[in-house]
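Read through the structure below, which is laid out as structure tokens, and then see the notes.
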Amino acid sequence: MLKCSDTEPALQTLRERLDPSAADGVSAHLNLLYPFTTNLSMDDDDALIDVLRDFGRFHIDFTSTGWFGTDSVYLVPSEAAVLTNLVTRIREVFPEYPAFGAVPERAVPHVTIGKRAPLSELKAAEAEVLSKLPIRQVCTTVELWSGPPPGTGRWQRHRTYQLGT
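Take 1047 as the starting number for the sequence shown in our numbering and just add one per residue.
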């Protein structure tokens, strides 16, 4: 996942209330491949290191929000192409893992603000976040995390990979 710590000042208290993954210990993030594996062979780990090093560092601007139906509100990255390119490069090494999340209709880059909460609370959260945009996220690392299904237990970070050199 691509940790989005620069969004935390705007999102943290909202996510603690409205996003089950925050209660599981997962900070604001963009899924790259999910589900993924933590059982990488040394060759696979080296291949991932090479892809991420060669891809380099970049930034993402968040200037708007979006919705999945009426049960999930999220930040929309304005530079989705760079994320799609990064995922494409990773999937060249790991083609068996889905991009941006396991649910096909949600296979779009996003940072969750809240989900599965009353619509009025999600709309209020969206209004609060919109008043704090734009947010620039500087992307220097990718993290490998694992855990049980969201909302059912703590997740843990296994490894941090550097983007660029």
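In this text, a Cβ means the ideal position worked out from N, Cα and C, and glycines have one as well.
Ignore the nearest five residues each way along the sequence and tell me which others in residue i's own chain have a CB closer than 6 angstroms to its CB.
| i | result |
| --- | --- |
| L1165 | T1116 |
| E1054 | A1074 |
| R1205 | L1190 |
Helix, strand or coil: which one does DSSP assign to residue i?
| i | result |
| --- | --- |
| T1187 | strand |
| V1157 | strand |
| L1057 | helix |
| P1194 | coil |
| P1066 | helix |
| T1134 | helix |
| F1104 | strand |
| S1051 | helix |
So, under 8 angstroms CB-CB, residue i and residue j are touching, yes? Tell me the CB distance rounded to an integer number of Å.
| i | j | result |
| --- | --- | --- |
| V1064 | G1193 | In the sequence under discussion, the amino acid at residue 1064 is Leu, which differs from the Val named in the question. The pair is not a contact, with the Cβ atoms about 19 angstroms apart (cut-off 8 angstroms). |
| T1130 | V1119 | Not quite, the Cβ-Cβ distance comes to about 22 angstroms (not below 8 angstroms), so this is no contact. |
| V1175 | L1060 | 7 angstroms |
| R1099 | T1187 | Not quite, the Cβ-Cβ distance comes to about 11 angstroms (not below 8 angstroms), so this is no contact. |
| R1103 | C1185 | 6 angstroms |
Given a threshold of 16 other Cβ atoms within 10 Å of its Cβ, counted over all protein chains shown, does residue i qualify as buried or as exposed?
| i | result |
| --- | --- |
| Q1183 | buried |
| A1068 | buried |
| A1127 | exposed |
| T1083 | exposed |
| M1088 | exposed |
| P1155 | buried |
Taking 8 angstroms as the cut-off, is the C-beta of residue i nearer than that to any heavy atom in the ligand ATP?
| i | result |
| --- | --- |
| S1073 | Ligands are entirely absent from the displayed structure, and the ligand ATP is therefore not among its contents. |
Quick one: residues in its chain with C-beta nearer than 7 angstroms to the C-beta of residue i, no 5 flanking neighbours on either side, listed in chain order?
| i | result |
| --- | --- |
| C1050 | A1074, H1075, L1076, V1157, Q1183 |
| L1132 | L1078, F1101 |
| V1072 | W1191, W1201 |
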